[in-house]
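Peer 1: Going by this note's numbering, the residue at position 85 of the sequence shown is 85; the numbering climbs one at a time, nothing skipped.
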Amino acid sequence: MHIRGDHAELVVGGRLDVRSAADARTVLHSAVDDGAGDLVLDLTHLDSWDATGLGVIMGAHRRAGRCGRRLVLRGVPPQMQRLLVATRLHRILAIEGGIAAESLPRV
């Protein structure tokens, strides 16, 4: 997993899973704490995430809210969109362009 960017926009690539969760959490929390306004998390290059990775995203979302910020997901890959819809997290998280649940292919 790799994350690059600043306190306004981060690009996440690779796998966000149990092995990379601690490092990702540290980077996301620093970005939330050091900035103002929306924090855009570009997931275009993210290959996969597991439950731990999703927990890191949710933790950053909660932390951003406590800091008066908003975490915005950009470029969410289709398989991850399906997971967000299945868990109903698409209703809680800010997703650039939104997710049309009915347009996602069934698995």
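All C-beta atoms, glycine included, are put in the ideal place defined by N, C-alpha and C.
From residue 74 to residue 19, what distance separates their C-alpha atoms?
Peer 2: Roughly 23 angstroms separates the two Cα atoms.
Peer 1: Give the straight-line distance between the Cα atoms of residue 70 and residue 79, rounded to the nearest whole angstrom.
Peer 2: Their backbone Cα atoms lie some 23 angstroms apart in a straight line.
Peer 1: Grouping DSSP H, G and I as helix and E and B as strand, with all else coil, what is residue 76?
Peer 2: DSSP places residue 76 in coil when its eight states are reduced to three.
Peer 1: Check this for me: beta carbons of residue 43 and residue 85, under 8 angstroms apart or not?
Peer 2: No, they are not a contact pair.
Peer 1: Cβ of residue 40 within 8 angstroms of Cβ of residue 60?
Peer 2: Cβ distance not < 8 angstroms, so residue 40 and residue 60 don't count as in contact.
Peer 1: What are the start and end residues of the alpha helix (DSSP H) that includes residue 34?
Peer 2: Per DSSP, residue 34 belongs to the alpha helix (DSSP H) from 21 to 34.
Peer 1: The alpha helix (DSSP H) that contains residue 57, what's its start and end?
Peer 2: Residue 57 -> alpha helix (DSSP H) spans 51 to 66.
Peer 1: Using beta-carbon positions only, say whether residue 62 and residue 29 come within less than 8 angstroms of one another.
Peer 2: Contact: no.
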